[in-house]
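Here's the structure, in structure tokens; my notes come after.
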Amino acid sequence: MPLIPGLRVVRSSVHGYGVVATRDFAEGDLMADIEGVTWREGEWWDDTYTLRITDAVSFDMVDQTRWINHSCSANAEIDLGLDEHGQPWAKLYAWRDIAAGEEVTYDYEFPAELAERCSCGSPGCRKWIVREEDLARVVAMRGA
Ligand SMILES: [Zn+2]
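Going by our numbering, the first residue of the sequence shown is number 102, and it counts up by one from there.
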């Protein structure tokens, strides 16, 4: 598996490992066509670095994108889906201009049942890693 150019795994100031841009990206740029392994409902897998494509299909990222941290003010986003053969795909896009040296982040948007405390440190931090529409429910159940 070749390394994706423009992305480097480093120790992160946010959490554990992270990924920095090694060149500038413009808003909307395709940053990575993500390499992953497919897992289907009923199989066991380590879901730590897994994208949930549908309720029944997950995609375990196996390239540098695996190490991208969450941020509530992310500078990148992941677009994902199933192709016509039912195979998952996922692509990383620049959400805004990203300068070389900046840490790359995306919003994990976990569903309420998988919500985790957030300490991303961004000014707009929601205090929970959860998708926007589930935030109020998580705060009501588990605290602000
Ligand atoms: Zn946050």
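In this text, a Cβ means the ideal position worked out from N, Cα and C, and glycines have one as well.
For residue i, the first and last residue of its enclosing alpha helix (DSSP H)
i	result
Val110	That residue, Val110, is in no alpha helix (DSSP H); its beta strand (DSSP E) goes 108–112.
Val239	236–243
Terminal residues of the beta strand (DSSP E) in which residue i lies
i	result
Leu183	177–183
Thr123	Where Thr123 is concerned, there is no enclosing beta strand (DSSP E), given that its DSSP letter is neither H nor E.
Ala133	131–134
Thr139	137–141
Separation of residue j from residue i, as counted between CA atoms
i	j	result
Gly244	Phe160	30 Å
Ala216	Ala200	30 Å
Arg218	Val231	9 Å
Tyr207	Tyr150	13 Å
Asp180	Ala127	17 Å
Asp125	Asp198	8 Å
Trp168	Ala241	30 Å
Where residue i sits in the DSSP three-state scheme
i	result
Ala201	coil
Tyr209	coil
Per DSSP, cross-strand counterpart(s) of residue i
i	result
Pro246	Nothing in the structure corresponds to residue 246, since the chain is present only between 102 and 245.
Leu215	BP columns for Leu215 are empty, so no partner.
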